[in-house]
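Asker: Quick note: to get our numbering, add 430 to the position in the sequence shown (first position is 1). Sharing a structure here in structure tokens format.
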Amino acid sequence: QTAASLGALQQHQQRFAQGRLSEERESLWIQALVNTGQASAARARAAQFRQRFPQSLLLPVVDAALGALP
């Protein structure tokens, strides 16, 4: 159901672009991209995540997701 997850994340971004849960949304988005095999998109989004949220508690989650890529 990763495709449905990506759709829900996109809707959330449209409704709440700078909302309080944007950090969590971006982390989930990276995980969903990894799960669908979109390695380059996942890496690019992760780089943006690191730049936008350099002190995030979710960085280990993002790094673990990227670690699952070939």
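The C-beta atom is built at its ideal place from N, Cα and C for all residues, glycine as well.
(1) Applying the 10 Å Cβ sphere with the 16-neighbour rule, what's the burial state of glutamine 485?
(2) Mark glutamine 461 as exposed unless 16 or more other C-beta atoms lie within 10 angstroms of its C-beta, in which case mark it buried.
(3) Quick one, are the C-beta atoms of leucine 458 and alanine 471 less than 8 Å apart?
(4) What is the DSSP secondary structure of phenylalanine 479, counted as helix, strand or coil?
(5) So, under 8 Å CB-CB, arginine 475 and glutamate 454 are touching, yes? Tell me the CB distance rounded to an integer number of Å.
Answerer: Quick look at the numbers:
(1) Here residue 485 refers to the residue found at position 55 of the sequence shown. Label assigned to glutamine 485: exposed.
(2) Position 31 of the sequence shown, counted from the first residue, corresponds to residue 461. Glutamine 461 is buried by the Cβ-count criterion.
(3) Here residue 458 refers to the residue found at position 28 of the sequence shown. Here residue 471 refers to the residue found at position 41 of the sequence shown. With contacts defined as CB atoms closer than 8 Å, leucine 458 and alanine 471 fail to qualify as a contacting pair.
(4) Translated into positions along the sequence shown, residue 479 becomes position 49. Helix at phenylalanine 479.
(5) The residue you call residue 475 lines up with position 45 of the sequence shown. The residue you call residue 454 lines up with position 24 of the sequence shown. Not a contact, Cβ separation roughly 14 Å.
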